[in-house]
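S.K.: Protein chains in written order, with this note's numbering: chain A, 1 to 112; chain B, 1001 to 1114. All C-beta atoms in this analysis are idealised placements derived from N, C-alpha and C, irrespective of residue type, glycine included. Dumping the structure here so I can ask a few things about it.
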Amino acid sequence: SQQGEEDPQALSIQEGENATMNCSYKTSINNLQWYRQNSGRGLVHLILIRSNEREKHSGRLRVTLDTSKKSSSLLITASRAADTASYFCAVGGAGNNRKLIWGLGTSLAVNP
Amino acid sequence: KAGVTQTPRYLIKTRGQQVTLSCSPISGHRSVSWYQQTPGQGLQFLFEYFSETQRNKGNFPGRFSGRQFSNSRSEMNVSTLELGDSALYLCASSSGTGVNNEQFFGPGTRLTVL
Chain A
1 SQQGEEDPQA LSIQEGENAT MNCSYKTSIN NLQWYRQNSG RGLVHLILIR SNEREKHSGR
61 LRVTLDTSKK SSSLLITASR AADTASYFCA VGGAGNNRKL IWGLGTSLAV NP
Chain B
1001 KAGVTQTPRY LIKTRGQQVT LSCSPISGHR SVSWYQQTPG QGLQFLFEYF SETQRNKGNF
1061 PGRFSGRQFS NSRSEMNVST LELGDSALYL CASSSGTGVN NEQFFGPGTR LTVL
């Protein structure tokens, strides 16, 4: 089964609105990473947050991590049509489970 | 720096055949990971190589194998192809181990098995 599970599966918003995607996981982690995939640029890394961090920012992106709830969220502020893509969380396991396990993604459509 | 390159970009094979996919990582990156992406299963980890050694392996049958050369280039091989092997195969490189570092992905090889 997938380690990371994104929610919602699909999201449609208007340009300028904020988009929030969530990721839940099941085991102990070393880090959690967010990636974006679209047909033009392929799969691109957005942010890596380590298990001892609670929040990270990169431009219009904000990622939070709550290890007690085993969940993370990705917030995209002031969305643009170019943000239309699938967003994936990838969970970096801790201990012997040192693999990057991916969720099925959230499909985001930003309408002009 | 040049990005991750994968060859070929598209491949059509028939059941029972075998296939070899190639990946050239970003210069200086020693880790190469391989993933299979399908609409139903998402991205599934195949294996990771670091300095020519397989560090980790996903839950795929032995028909899936890989190797890494001294220049960090990597190949993966799928033998006795099945219809279910049709997928986008992605290669990613990173400066350190893939699980702890940002991964840079190639454009993928789209494999169709008829």
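Which of the three DSSP states is assigned to ALA82 of chain A in this structure?
M.R.: In this structure, ALA82 of chain A counts as helix in the three-state DSSP scheme.
S.K.: Could you give the residue range of the beta strand (DSSP E) that holds PHE1050 of chain B?
M.R.: Element bounds for PHE1050 of chain B: 1042-1050.
S.K.: Below 8 Å, can you find three or more Cβ-Cβ pairs linking the region 62-71 of chain A to the region 1004-1019 of chain B?
M.R.: With the cut-off at 8 Å, the region 62-71 of chain A and the region 1004-1019 of chain B do not touch.
S.K.: Going straight from the alpha carbon of ARG1009 of chain B to that of ARG1110 of chain B, what length do you get?
M.R.: Approximately 6 Å, taken between the alpha carbons.
S.K.: Taking only beta-carbon atoms, is ALA1002 of chain B less than 8 Å away from chain A?
M.R.: Not closer than 8 Å to any Cβ of chain A, the Cβ of ALA1002 of chain B fails to qualify, so no.
S.K.: So if I threshold CB-CB distances at 9 Å, which residues from the region 1013-1038 of chain B count as touching chain A?
M.R.: The residues in question are SER1033, TYR1035, GLN1037.
S.K.: Taking only the alpha-carbon atoms, compute the straight-line gap between LEU11 of chain A and ALA90 of chain A and give it to the nearest angstrom.
M.R.: Their Cα atoms are separated by approximately 19 Å.
S.K.: If I'm right that GLY1003 of chain B touches PHE1104 of chain B with Cβ under 8 Å, what's the distance once you round it to whole angstroms?
M.R.: 7 Å between Cβ atoms; contact.
S.K.: Buried or exposed for SER51 of chain A, please, with buried defined as at least 16 other CB atoms from any protein chain shown within 10 angstroms of its CB.
M.R.: So SER51 of chain A counts as exposed.
S.K.: Relative to chain A, which residues along the region 1065-1080 of chain B have a C-beta separation below 7 Å, given in chain order?
M.R.: Per Cβ criterion, the list is empty.
S.K.: Hey, how far is the Cα of LEU108 of chain A from the Cα of GLY1040 of chain B?
M.R.: Taking the straight line from one Cα to the other gives about 18 Å.
S.K.: Can you say whether GLN14 of chain A is buried or exposed, counting buried as having 16 or more other CB atoms within 10 angstroms of its CB?
M.R.: Burial call: exposed.
S.K.: Applying the 10 Å Cβ sphere with the 16-neighbour rule, what's the burial state of TYR1106 of chain B?
M.R.: Just to set this straight, residue 1106 of chain B is Gly in the shown sequence, not Tyr. Buried, since its Cβ has 16 or more Cβ neighbours within 10 Å.
S.K.: Between which two residues does the beta strand (DSSP E) carrying TYR1089 of chain B extend?
M.R.: Run containing TYR1089 of chain B: 1087-1094, per the beta strand (DSSP E) assignment.
S.K.: Any C-beta of chain A sitting closer than 8 Å to the C-beta of GLN1006 of chain B?
M.R.: It does not; no Cβ of chain A falls within 8 Å.
S.K.: Looking only at its own chain, which residues have a Cβ that is under 7 Å from the Cβ of ARG80 of chain A, when we skip the five neighbours before and after it?
M.R.: Same-chain partners within the cutoff: GLU15, VAL110.
S.K.: From the DSSP output, in three-state form, read off LEU1083 of chain B for me.
M.R.: Three-state DSSP puts LEU1083 of chain B in a helix.
S.K.: Would you list the one or two residues that DSSP bridges to LYS56 of chain A?
M.R.: A:VAL63, per the DSSP bridge assignment.
S.K.: So, are the CB atoms of SER1033 of chain B and GLU1052 of chain B less than 8 Å apart?
M.R.: No, the pair does not count as a contact, with Cβ atoms beyond the cut-off.
S.K.: So is HIS1029 of chain B buried or exposed if we call it buried at 16+ other beta carbons inside 10 Å?
M.R.: Result: buried.
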